[in-house]
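Take the sequence shown: its position 113, counted from the start at 1, is 1451 in my numbering, and no numbers get skipped.
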Amino acid sequence: MINAVLVFNNAGQPRLTKFYTQLETSVQQRLISEIFTLVANRPSSACNFLPLPPLLQQSSKSSTPSTPHNDTPSLVTYRHYATLYFIIISTSTESPLALLDLIQVFVQALDGLFENVCELDLIFNFETLHAALGEMIVGGVVVETQLDRVVEGVKTEAAFTLE
């Protein structure tokens, strides 16, 4: 299960934060700060997978004691594109390579929607950003990875909102 999708710029400013599991706001803010620090300080030659900082592992264990061990968030998967970091927090049941591919499809979908996407597109068109993510992930479960369908779904949704 995907627990969160985060997008940061190189300065650590969040451009997208979407949590699929309930967390207190203070925990979310500390987690965002810790994850950015971990990811930004890694060399470009390092692996794109990280263990989750202890902050979220402790809070998830204490908040849901009946949850099976393999359903707790445990993995951070990220990719760095130009000035943006795309990050997914997931459980150990998700394939890290599939998550890297999901990030790639998400970025390609944004590129198709904005024609060479940049950070300003994400700031001024956040509705489209959330719509693209919503086409791909629902409730922490990946429902669509085909690029054409994601882009078409977002464009169709935008056409209905304009009417």
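No residue lacks a Cβ here, since even glycine has one placed at the ideal position from N, Cα and C.
Just so it is clear, the structure is predicted and the values come from calculations on it, not from any experiment.
Quick check on the DSSP output: the beta strand (DSSP E) that includes R1417 runs from which residue to which?
Residue 1417 sits at position 79 when you count from the first residue of the sequence shown. Going by DSSP, R1417 is part of the beta strand (DSSP E) stretching over P1411 to Y1419.
Can you tell me which of the three DSSP states R1353 falls into?
By one-based count along the sequence shown, residue 1353 stands at place 15. Correct three-state label for R1353: strand.
Go ahead and pull the three-state DSSP assignment for L1389.
Numbered from its first residue, the sequence shown carries residue 1389 at position 51. It should be noted that the sequence gives Pro, not Leu, for residue 1389. DSSP places P1389 in strand when its eight states are reduced to three.
Could you tell me if V1455 is buried or exposed, where buried requires 16 or more neighbouring beta carbons within 10 angstroms of its beta carbon?
Here residue 1455 refers to the residue found at position 117 when the sequence shown is read from its first residue. For V1455, the number of other beta carbons within 10 angstroms of its own is at least 16, and it is reported as buried.
Determine, using beta-carbon pairs with one atom in the region 1484-1500 and one in the region 1442-1459, whether at least three such pairs fall under 8 angstroms.
yes
Helix, strand or coil: which one does DSSP assign to A1384?
Working through the sequence shown from its first residue, we reach residue 1384 at position 46. Residue state, collapsed to three classes: coil.
Are L1340 and L1448 close, meaning C-beta to C-beta below 9 angstroms?
Counting from one through the sequence shown, the residue named residue 1340 turns up at place 2. Counting from one through the sequence shown, the residue named residue 1448 turns up at place 110. For clarity, residue 1340 is Ile in the given sequence; the question names Leu instead. Contact: no.
Do L1460 and L1467 have their CB atoms nearer than 9 angstroms?
The residue given as residue 1460 occupies position 122 in the sequence shown. The residue given as residue 1467 occupies position 129 in the sequence shown. In this structure, L1467 lies closer than 9 angstroms to L1460 by Cβ.
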